[in-house]
């Protein structure tokens with residue numbers, strides 16, 4: 223276990239004002255994990271100073287932090303770029319705006335202890351009633367379409383061993399990459415262990431999910447099911 227390298231992929235977008243303390247908090251919290259880890263910061267379509275801040279962090283923590291800059295927006299696109307660059311035996315990606323250092327460490331400890339399964343967060347609470355309702359509808363839809371046993375399709379952190387190579391062939395560039403991730407796990411028989419997370423804290427900013435984007439996700443999940451089946 224101590225010889226494994228962990229790659230942590232953090233898509234970042236217009237987070238110049240707060241990404242440095244987030245990353246440094248991660249580094250401090252994960253310092254006593256067994257083995258080594260690398261953090262890959264993927265700045266996707268940022269219009270502020272986010273990438274420059276990421277480069278400053280990479281220079282300060284040489285060898286532990288890598289940076290990627292892309293003009294193309296999209297959660298899935300950033301995740302795929304990070305996975306392509308990652309060298310780890312265990313691969314992790316997560317939402318840097320929502321994931322505390324304590325939660326990230328907890329999920330990684332599970333992953334190191336159960337190295338032949340997928341470990342993912344299962345967020346048990348949401349910010350408000352509408353978000354709870356929207357999430358419930360989306361998760362029920364994905365469970366029905368893809369015959370999934372697990373909840374919280376979009377929950378991160380997600381961690382998996384490199385040997386689960388089908389997860390390195392994700393195709394979605396948008397938020398539906400998480401539904402695709404779960405569908406591949408179901409199809410390939412990759413076991414998933416969900417860790418309950420009780421937090422709604424954001425480091426900064428507001429969620430971009432609204433009624434229009436929710437409808438797009440519902441329709442997108444249906445189209446993804448058509449393509450996969």
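Residue numbers (the working numbering): 223 to 451.
Where a beta carbon is used, it is the ideal one built from N, C-alpha and C, also for glycine.
Element boundaries [alpha helix (DSSP H), containing residue i]
i	result
residue 315	Segment 312-315 is the beta strand (DSSP E) holding residue 315; no alpha helix (DSSP H) there.
residue 357	351-368
residue 293	It is not in any alpha helix (DSSP H) - residue 293 carries neither H nor E in the DSSP assignment.
residue 328	323-335
residue 406	399-410
Buried or exposed by the 16-neighbour rule on C-beta atoms within 10 Å, applied to residue i
i	result
residue 451	exposed
residue 385	exposed
residue 411	exposed
residue 306	exposed
residue 273	buried
residue 394	buried
residue 444	exposed
residue 185	With the chain running from 223 to 451 in the structure shown, residue 185 is simply not present.
residue 387	exposed
residue 269	exposed
residue 304	buried
residue 361	buried
residue 263	buried
residue 366	exposed
residue 437	exposed
Distance between residue j and residue i (C-alpha atoms, nearest Å)
i	j	result
residue 404	residue 281	35 Å
residue 309	residue 289	13 Å
residue 372	residue 344	9 Å
residue 368	residue 407	10 Å
residue 302	residue 391	8 Å
residue 382	residue 351	32 Å
residue 415	residue 379	12 Å
residue 255	residue 311	15 Å
residue 284	residue 409	39 Å
residue 326	residue 258	15 Å
residue 434	residue 354	16 Å
residue 267	residue 332	33 Å
residue 347	residue 356	12 Å
residue 449	residue 442	10 Å
residue 243	residue 276	11 Å
Nearest neighbour of residue i, chosen from the options [CA to CA]
i	options	result
residue 335	269, 347, 284, 226	226
residue 418	366, 341, 438	341
residue 358	367, 448, 375, 369	375
residue 233	354, 261, 243	261
residue 238	399, 389, 265, 420	265
residue 447	420, 285, 401, 434	401
residue 251	439, 420, 440, 321	321
residue 298	292, 398, 409, 435	398
residue 314	330, 279, 300	330
residue 253	362, 440, 323	323
residue 363	284, 439, 413	439
residue 278	246, 267, 293	246
residue 420	244, 377, 441	377
residue 209	275, 413, 370, 248	With the chain covering 223 to 451 only, the question about residue 209 has no answer from this structure.
residue 316	242, 347, 287, 229	229
residue 396	243, 300, 337, 319	300
residue 236	319, 286, 287	319
Residue i - containing beta strand (DSSP E), residue span
i	result
residue 382	380-383
residue 343	340-345
residue 414	414-419
Heavy atom of the ligand SAM within 6 Å of residue i beta-carbon
i	result
residue 262	The model on display carries no ligand, and the ligand SAM is accordingly not part of it.
Contact with chain C by residue i, beta-carbon distance below 7 Å
i	result
residue 438	Although the question refers to chain C, the structure presented lacks it and comprises just one protein chain.
Exercise for the section: Scan the stretch 223-282 and note each continuous alpha helix (DSSP H) run of 4 residues or more that stays entirely inside, going in chain order. Expected result: 241-252, 272-282
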